[in-house]
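Undergrad:
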Amino acid sequence: MFFSLFTALALITSVNAHFRLLYPEPRGPFVADNEPNFCGGYNNAVNNRSTFPLSGGFFTIKSGHPGWTAGVIISTVQNPNSFDNFSVNGEQQIVGAYAKSDDAGTFCMPLDISAAKIDGVKDGANVTIQIVFAGGDGNLYQCADLTLSSNFTVPSNVVCANETAAPHGSETSGGASPSQTAGALGAAHVFAGYVALLLGFIGAATLLA
Ligand SMILES: [Cu+2]
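Throughout the sequence shown, residue numbering follows mature numbering (1 follows the signal peptide of the UniProt record, and there is no 0), covering -17 to -1, 1 to 192 in sequence.
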């Protein structure tokens, strides 16, 4: 049912909006046309991984779509280059809760990687996170290659805050002024019970691949 819904929406929604992963730094420069592909079109892990907190971290996205849902999956494979690398024994390794919002804009969500209790996730481990985003035009993906650290704190110049924006057709078009600024971790609603939904999204992606 999700599959047909997404197919229908994909036909009527502009491809320009999509989403960007602002923090941690994604694999390679953003290429909108490649975002429906694995890791946004970047198949290989970067050499210069970002250090990321083992626990108590966050991630920030900018969504050009109002009405979106996003989840995070993780791989402990050194150079994950397929969706299979984000599963163990056929089960996706999901980190944290599902996030969703009715608004477009910039959103910061908690990303407590150690809390997911995934095998191989520990201090010093190299991991890759993949953001799975559904905003009405099919699944979109961005990856970040990380080295986890138990004593690393996100630098203070990395802002974790939400800012909703009026929806518009293209991320590159100017003039859309923020309609509201909320406190950190506030405006994006996080749902723990949406794991099944994520699995549904991934299933649809597999059908499309
Ligand atoms: Cu889009």
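Yeah, the Cβ is synthetic: ideal placement off N, Cα and C, and Gly gets one too.
1. Give the single residue among Ser38, Val14, Asn109 whose Cα lies nearest to the Cα of Ser63.
2. In the DSSP output, what is Ser70 paired with across the bridge?
3. Let me make sure I understand the geometry here. Which of Thr52, Gln113, Glu74, Phe41 has the alpha-carbon closest to that of Pro138?
4. Is the stretch 52 to 67 touching the stretch 6 to 17 in the sense that three or more CB pairs, one from each, lie closer than 8 Å?
5. Can we count Asp120 as close to ligand 1, meaning its CB is less than 6 Å from some heavy atom?
6. Looking only at C-alpha atoms, which of Gly121, Ser46, Gly11 sits nearest to Met92?
7. Are the stretch 75 to 84 and the stretch 118 to 138 touching, with three or more C-beta to C-beta distances below 8 Å?
8. Closest to Thr136 by C-alpha separation, out of Gly39, Trp51, Ala117, would be which residue?
9. Assuming Gly50 contacts Gly119 (C-beta within less than 8 Å), just tell me the rounded distance between them.
10. Cutting at 7 Å between CB atoms, please list the residues of its own chain near Asp106, excluding the five before and the five after it.
11. Would Phe2 be called buried (16 or more neighbouring beta carbons within 10 Å of its own) or exposed?
12. Taking 6 Å as the limit between beta carbons, can you name the residues of its chain near Asn26, skipping five residues before and five after?
TA: So, from the listed chains and residues:
1. With the sequence shown as reference, residue 63 is identified as Pro, and Ser is not the correct amino acid for it. Comparing Cα-Cα distances from Pro63 to each of Ser38, Val14, Asn109, the minimum goes to Asn109.
2. Gln75
3. Phe41
4. no
5. yes
6. Ser46
7. no
8. Gly39
9. 6 Å
10. Leu37, Leu131, Ser132, Ser133
11. buried
12. Asn64
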